[in-house]
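Engineer: Start counting the sequence shown at 1; every next residue gets the next number (my numbering).
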Amino acid sequence: CRPFSAARAQQRSYHQRRLEAKYKRAQQTEPRWELYDCDDADILLVGYGITSRILRSAVEAARSQGQRVGLFRPITLWPFLDELFERDCRYLVCELNYDGQLVREVMRAAAAVADEVDAAAARRGGRCDLACRSAAVCR
């Protein structure tokens, strides 16, 4: 372990300020997303990539049955837009990865207002039929 020095402390401080500035710039320029039928939704499905195409079908099926369901599709995942999860509704996060990375971000962002945050993620050794799960949750 190296001894602590003032020069190293200055380097760390400079690096920290540079990263903070990078994050602030990214918050202004990078985030992209799509909202689909979210105006009156009581349940928001959240998914990205190929999952969002499946969820769009689930939203259309639920809407045809008279349910108020919408879709939030983040196009970029970093930096995560916490302010988009200020709506007081139920969230269902669907993703095709093992441990549910997006659901943790949604739970953190919506913690103050959300009635409920559910997750449907693929698990090791099996497939996740997101359209069926989404429709079941919407019932």
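Virtual Cβ for every residue (Gly too), placed ideally from N, Cα, C.
#1: Taking the alpha-carbon positions, what's the N97 to V46 distance?
#2: Using three-state DSSP, classify D118 as helix, strand or coil.
#3: Would you identify the three-state DSSP class for I43, choosing helix, strand or coil?
#4: Would you mind sorting V117 into buried or exposed? The rule is 16 or more other CB atoms within 10 Å of its CB.
#5: Could you tell me the alpha carbon to alpha carbon distance between S5 and R12, rounded to whole angstroms?
#6: Work out the CA separation of R68 and D42 for me, nearest whole Å.
Structural biologist: Let me lay it out:
#1: 14 Å
#2: strand
#3: Residue state, collapsed to three classes: strand.
#4: buried
#5: 11 Å
#6: 6 Å
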